[in-house]
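Numbering of the sequence shown is given in our numbering, commencing with residue 305 and proceeding in unit increments.
Where is the CB? At the ideal position from N, CA and C, for every residue including glycine.
This one's a predicted model, so the numbers in the text were calculated from it and none came from an experiment.
All remarks here apply to the structure that follows.
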Amino acid sequence: MRRTLSSVLRRGAALLALSTGLTGIAQAQPFEPEFAPLETGIFDMPGIAVAATMPKGTWHGHIGQLFADRGNAGGTGKQLYFYGADVALTDRLQFGVEYTRHSDPAIIGGIDGKLAFQAVSFHGKYKIAEVNGFTVSARAAGGYFYFSSDYYDTNTDGHDQWAASFYVPVSYEMSPRLTFHVSPGVSVFPDQLKGKDFYGVVPSVGAGATFQASRRLAFYGNVNVPFGDNGNTVMTDGSVKNVPVWTVGGRYLVSPQVALDVYLTNGFGTTPLTEIQAFIPDGEEPVLGFQMNYTPGHAPNYRANYRGVRPLTDRERHLQFRGLTLASADTLDPGMFLFTGSYGTDDNASFGGVFAPTYDMEIGYYVERLSDDGSRGPDRTVGRDREERYMAVGKLRFMDQNNGSPFSLSANVQAGREFKSRFGVFYASLPMSYKFANGLALTAEPKAAGYSDERLMGLGLGANYELWRGLEVIAEVTPMTGGDAATWSLGARYHLPDTPVSFEAQATNTIGNYGVGTMIAQDEIRYSVGMNVALDVGRFWERLF
């Protein structure tokens, strides 16, 4: 028992740490030949509870983000972040925990103030019955939420509250592709906050459907209708009203163990504790949601990916590294961790690392101090406190030239803030590359970034040529839209033979090596040197799952 408990805690800690970005499912026992858990169906759906439970031994983690229109928020707009993990103790019983966070301006009751919301949900689901295509389950959640608002006068006190929910989802599998869902239940919140009406008891009925278009692609839609005495969202005038919460979207399996959800909703709650809430205020605005999914586990019947795998050459592995200012269109081999650090003129410095837990996915974390030669205007100053920031990184690969695709293509996302001022930046790009047999690799990377009220767009173009074994020369340029100066970088990287170490040097006019820093030019040329260390930690990762 002690050994089992320690194993569960070790796996849970690892998965929660990994959830700085993903939803996963892993298993100790095989589901069926060649099938990974994500391939067997949808166990959860944004918006309402579904009756399906995960098979015994499954681990399920996720991370996501909601984006609303900027409105009065300015900056990168109104956003909500969420991540969590679940584990199935039996085929019928599963438990999980999830965290969500929102902090942006909101006009409530005529007060143009700030709304800060956090919630921690502890939840469980039990499958009661499964017969003739029908599945009935019970899902309960309880936890803490933080609600700080100028209108409710809860900025200094009264913001710590408790809530609970209970639902009885029923699903009917009409065909192997189509399943209908009904989810009646009730959510319980405080009736008032500091003497002003709040949600109270919110009974609701949800209904929806999931359609499995193919092994890799599924679509879903649902609506959750509340009918409590108070309501499920706060209106602009300060009242609390009932607003149906709707969601429509889809899930695409990047690999058997990695999936991406994209959906539209008017919902504010992303946890089982808070999913009845509509977006504040009014619940009328469509919100764009993204959720990354990951399935830890290494059962022998799992397929590595949907393309097959062959041994890679040293050159192909080296091209998995990022360029100087452009991202690689490939991802590291499973179990590889790449540490990188650099230092340059104009007080620029950076360090960080990326990890590939499975094929076609990377997650990472960078810290960087942007350079400053004094030539930039206020609109290209990305922060307030020496521009020292952290960035969480996620990448999914959709095409892989090394294993049969005509070229490589990935989606790369970075989101971060300054350490002290909390000044936020969002960055996204679509790196793509083609490798020639003569040692030349060409890269194109459409990229976009947002901070404060600024929006940047550019197209990165790069060439990487191996002069001889391990020595690469790299040239990159990013023409910008909107009249901004193009950025460029020229340098070299040398991979020491038969070691995990490489060194690099570059000359560039960019203010940074990552994200938005690669899209802003300065007058003076910045010089920097860097080092990379690639380590295989796959055996350690496999021991956890």
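- Task: Give the secondary structure of residue 673 by DSSP, where H, G and I count as helix, E and B as strand, and everything else as coil.
- Result: Strand.
- Task: Using alpha carbons as the reference points, say which of 762, 705, 686 lies closest to residue 741.
- Result: Distances from the CA of residue 741 to each of 762, 705, 686 were compared; the closest alpha carbon is that of 705.
- Query: Which ranges would you report for the beta strand (DSSP E) in the stretch 745-771 if only whole runs of at least 3 residues count?
  - Reply: Fully enclosed beta strand (DSSP E) runs of no fewer than 3 residues are not present anywhere in the stretch 745-771.
- Uninterrupted beta strand (DSSP E) stretches inside the stretch 432-475 (no shorter than 3 residues): The qualifying runs are 438-453, 464-471.
- Message: Within 8 Å, do at least three Cβ pairs link the stretch 361-372 to the stretch 384-399?
- Response: Segments in contact, yes.
- Using 10 angstroms around the beta-carbon of residue 436, count the other beta-carbons present and answer buried if the total reaches 16, otherwise exposed. Sixteen is the threshold: since fewer than 16 other Cβ atoms of the shown chains lie within 10 Å of the Cβ of residue 436, the residue is exposed.
- Task: Just list the beta strand (DSSP E) runs in the stretch 478-558, keeping only unbroken ones of 3 residues or longer that don't cross its boundaries, in chain order.
- Result: The stretch 478-558 contains these whole beta strand (DSSP E) runs: 482-492, 505-516, 521-530.
- Task: Determine the contact status of residue 355 and residue 440, defining contact as a CB-CB distance below 7 Å.
- Result: Between residue 355 and residue 440, the gap from beta carbon to beta carbon is short of 7 Å.
- Item | Residues near residue 668 in its chain [Cβ-Cβ closer than 7 Å; skip 5 each side] | These residues qualify, in order along the chain: 656, 657, 658, 659, 697.
- Residue interval of the beta strand (DSSP E) (run including residue 607): Where residue 607 is concerned, there is no enclosing beta strand (DSSP E), because DSSP gives it neither an H nor an E.
- Which runs of the beta strand (DSSP E) spanning at least 3 residues fall entirely within the stretch 352-432, listed in chain order? Counting whole runs of 3 or more residues, the stretch 352-432 contains the beta strand (DSSP E) stretches 363-371, 383-392, 397-412.
- Query: Going by the CB atoms, is the gap between residue 616 and residue 778 shorter than 7 Å?
  - Reply: At least 7 Å separates the beta-carbon of residue 778 from that of residue 616.
- Going by other Cβ atoms of all chains shown within 10 Å of its Cβ, with 16 needed for buried, is residue 564 buried or exposed? Answer is buried; the Cβ neighbour count reaches 16.
- Which value, in whole angstroms, describes the spacing of the CA atoms of residue 626 and residue 758? Near 26 Å, if we compare the C-alpha coordinates of residue 758 and residue 626.
- My understanding is that residue 357 touches residue 431, with C-beta atoms under 8 Å, so please give their C-beta distance in whole angstroms. Confirmed, about 5 Å.
- At a cut of 8 Å, does the stretch 802-815 reach the stretch 825-836 through at least three beta carbon pairs? Under the three-pair Cβ rule at 8 Å, the stretch 802-815 counts as touching the stretch 825-836.
- Task: Give me the Cβ distance between residue 546 and residue 532, rounded to the nearest whole Å; I'm assuming they're in contact under 8 Å.
- Result: Residue 546 to residue 532, Cβ: 6 Å. Contact.
- Task: Leaving aside the five residues before and after residue 912 along the sequence, list all residues of the same chain whose C-beta is less than 6 Å from its C-beta, in chain order.
- Result: There is no way to answer for residue 912, as the model of the chain reaches only from 305 to 849.
- Item | Contacts around residue 827, its chain only, beta-carbon distance under 7 Å, and the 5 residues preceding and following it disregarded | The answer, listed in chain order, is 677, 679.
- Burial state of residue 841 (16 or more Cβ within 10 Å): By the beta-carbon neighbour count (other beta carbons within 10 angstroms, threshold 16), residue 841 is exposed.
- With 16 as the cutoff for other CB atoms within 10 Å, does residue 588 come out buried or exposed? By the 10 Å Cβ count, residue 588 comes out exposed.
- Item | Element boundaries [beta strand (DSSP E), containing residue 808] | DSSP places residue 808 inside the beta strand (DSSP E), whose first and last residues are 805-814.
- Name the DSSP bridge partner or partners of residue 663? Residue pairing for residue 663: DSSP places it in no beta bridge.
- Message: Within 8 Å, do at least three Cβ pairs link the stretch 631-647 to the stretch 708-717?
- Response: The stretch 708-717 and the stretch 631-647 touch, with no fewer than 3 CB-CB distances between them shorter than 8 Å.
- Do you know whose CA, among 458, 426, 737, 417, lies nearest residue 578's CA? Comparing Cα-Cα distances from residue 578 to each of 458, 426, 737, 417, the minimum goes to 426.
- Message: Spatial neighbours of residue 494 within its chain, please: C-beta separation below 6 Å, excluding the five flanking residues on both sides.
- Response: Closer than 6 Å at Cβ, skipping near neighbours: 465, 502.
- Query: Once you ignore the five residues that flank residue 750 on each side, which residues in its own chain have a CB closer than 6 Å to its CB?
  - Reply: Taken in chain order, the residues that qualify are 734, 763.
- From residue 438 to residue 421, what distance separates their C-alpha atoms? When rounded, the distance between both Cα atoms is 37 Å.
- Item | DSSP-derived helix/strand/coil call for residue 257 | One cannot answer for residue 257 here, as it falls past the ends of the chain, which runs 305 to 849.
- Out of 609, 407, 770, 575, which has the shortest C-alpha to C-alpha gap to residue 400? Selected option, being the one with the closest Cα: 575.
- Message: My parser needs the alpha helix (DSSP H) runs of 4 or more residues fully inside the stretch 702-726; what are they?
- Response: Fully enclosed alpha helix (DSSP H) runs of 4 or longer: not present.
- Message: Considering only their Cβ atoms, is the gap separating residue 743 from residue 770 smaller than 7 Å?
- Response: Cβ distance < 7 Å, so residue 770 and residue 743 count as in contact.
- Task: Identify whether residue 776 lies in helix, strand or coil by the three-state DSSP scheme.
- Result: Assignment of residue 776 by DSSP, reduced to helix, strand and coil, places it in the strand class.
- Message: Using a Cβ-Cβ cutoff of less than 7 Å, which residues in the same chain neighbour residue 650 once the five nearest sequence positions on both sides are dropped?
- Response: Same-chain partners within the cutoff: 675, 676, 677, 828, 830.
- Item | DSSP-derived helix/strand/coil call for residue 620 | Looking at residue 620 - three-state DSSP - the assignment turns out to be helix.
- Message: Going by C-alpha to C-alpha distance, which of 567, 624, 384, 419 sits closest to residue 403?
- Response: Closest option to residue 403, Cα to Cα, is 384.
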